[in-house]
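Peer 1:
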Ligand code: 13P
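This is how it looks when you write it as structure tokens:
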């Protein structure tokens, strides 16, 4: 088991980071935990059993042509150990289709003691050993999500610093194992706050993260950032247009994200499918930036797939077509060349 970061583990992290943000491509987040995927399946009237989860993930991963628009796929612990119907382990199936396998390694959130309504992410205990196993299983990158809520007096400095510290510890361990850490501090869009408040909190969260990554000697060129877009709260009466969101998001990233970071892979966070695409497109039309601006979408890529599939084997091709279509539209948004009319193609 690796217990120190070397030139070779660093360079593996750097080359994977670059491959994940290759032009025109983004990441498919298919790393829902067992309780979360159960919710997504319940929404289409399907009971979540191990064979159903396996079949659904196989459908996603075997979508013909997916690698044209998707660089890598984030898996969950159960999924990285599963196999396709023909016995091929999922990580091998993905790699042979030209998709880089990744793994979510956090263990979800728990209340931050002493700070009501704030969360800290768990999962550091035993992580070095788990990384060694995930490398054996074929993972080349990893993800850890911190959750930051906006509210009265929240987030506190303690919440931001605690989560940033946890992200940095995780990122250092990932690079030691030769994996690219995706660093995800998600500022939630829940609440009535205006876009200015989201901008202020996102800058503070990102600054805390980059301070800690530096403290922990994380090599930024071998990382990716997965942030929220800068948006008004979902219950804010003052909603804004996509151009405003793009301008705010780019400004915040320029304030807080070092240029050594090769790419920013935005999360969808509950935005509509087409909305997440249109906003990524607006962000990429906003001028040249020092990093690649890409996507790492879960719900915004899988929503239409789940609806088309509905748990029925005979809908498999239609569901794969829905995934390919959504991925292609987001691929176009990487170049700022998405047009709403493409939704109907
Ligand atoms: P969403 O795009 O559904 O927000 O999911 C991305 C993700 O991986 C959150 O951790």
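In this note's numbering, the protein residues as written are 1 to 345.
Glycine is no exception: its CB is placed at the ideal position from the N, C-alpha and C atoms.
May I ask which residues mark the beginning and end of the alpha helix (DSSP H) holding residue 209?
Peer 2: The residue given as residue 209 occupies position 209 in the chain shown. Residue 209: member of the alpha helix (DSSP H) spanning 195-215, first to last residue.
Peer 1: Report the rounded CA-to-CA distance for residue 112 versus residue 232, giving the unit in angstroms.
Peer 2: As a working note, residue 112 is residue 112 in the chain shown. As a working note, residue 232 is residue 232 in the chain shown. Cα to Cα, residue 112 sits roughly 25 Å from residue 232.
Peer 1: Looking at the strands, I want to know which residues DSSP matches up with residue 154.
Peer 2: As a first step, residue 154 is located in the chain shown; it is residue number 154 there, counting from the start. DSSP lists 151 as partners of residue 154.
Peer 1: List in chain order the residues whose CB is within less than 5 Å of at least one heavy atom of ligand 1.
Peer 2: Every residue passing the under-5 Å Cβ criterion appears here: 29, 145, 267, 268, 269, 297, 298 and 299.
Peer 1: Out of curiosity, what's the CA-to-CA distance linking residue 304 and residue 171?
Peer 2: Residue 304 sits at position 304 when you count from the first residue of the chain shown. Residue 171 sits at position 171 when you count from the first residue of the chain shown. About 32 Å.
Peer 1: Throw me the rounded Cβ distance for the residue 300 and residue 271 pair, which I believe falls under 8 Å.
Peer 2: Numbered from its first residue, the chain shown carries residue 300 at position 300. Numbered from its first residue, the chain shown carries residue 271 at position 271. Indeed they touch by this definition, with Cβ atoms about 6 Å apart.
Peer 1: If you draw a straight line from the C-alpha of residue 276 to the C-alpha of residue 268, how long is it?
Peer 2: Counted from its first residue, the chain shown places residue 276 at position 276. Counted from its first residue, the chain shown places residue 268 at position 268. Spanning the two alpha carbons is a distance of roughly 6 Å.
Peer 1: Residue range of the alpha helix (DSSP H) that residue 78 falls in?
Peer 2: Mapped onto the chain shown, residue 78 falls at position 78. Run containing residue 78: 77-80, per the alpha helix (DSSP H) assignment.
Peer 1: Taking a contact to mean a Cβ-Cβ separation below 8 Å, would you say residue 281 touches residue 331 in this structure?
Peer 2: In the chain shown, the residue the question calls residue 281 occupies position 281. In the chain shown, the residue the question calls residue 331 occupies position 331. The criterion of a C-beta distance shorter than 8 Å is not satisfied by residue 281 and residue 331.
Peer 1: DSSP beta-bridge partners for residue 143?
Peer 2: On the chain shown, residue 143 is found 143 positions in, with the first residue counted as 1. Paired residues: 104 and 182.
Peer 1: Mind checking which residues open and close the beta strand (DSSP E) that includes residue 292?
Peer 2: Counting from one through the chain shown, the residue named residue 292 turns up at place 292. Taken as a continuous stretch (DSSP letters only), the beta strand (DSSP E) holding residue 292 covers 292-297.
Peer 1: Distance check for residue 68 and residue 17, CA to CA, integer angstroms please.
Peer 2: The count along the chain shown starts at 1 and reaches residue 17 at position 17. The count along the chain shown starts at 1 and reaches residue 68 at position 68. Straight-line Cα distance between these residues: approximately 17 Å.
Peer 1: What does residue 26 pair with, by DSSP beta-bridge criteria?
Peer 2: As a first step, residue 26 is located in the chain shown; it is residue number 26 there, counting from the start. Partner(s): 70.
Peer 1: Among 65, 190, 20 and 32, which one has its Cα closest to the Cα of residue 72?
Peer 2: One-based indexing of the chain shown puts residue 72 at position 72. Answer by Cα proximity: 20.
Peer 1: Alpha carbon to alpha carbon, how far is residue 86 from residue 265? Give it in angstroms, no decimals.
Peer 2: As a first step, residue 265 is located in the chain shown; it is residue number 265 there, counting from the start. As a first step, residue 86 is located in the chain shown; it is residue number 86 there, counting from the start. Those two C-alpha atoms are separated by around 33 Å.
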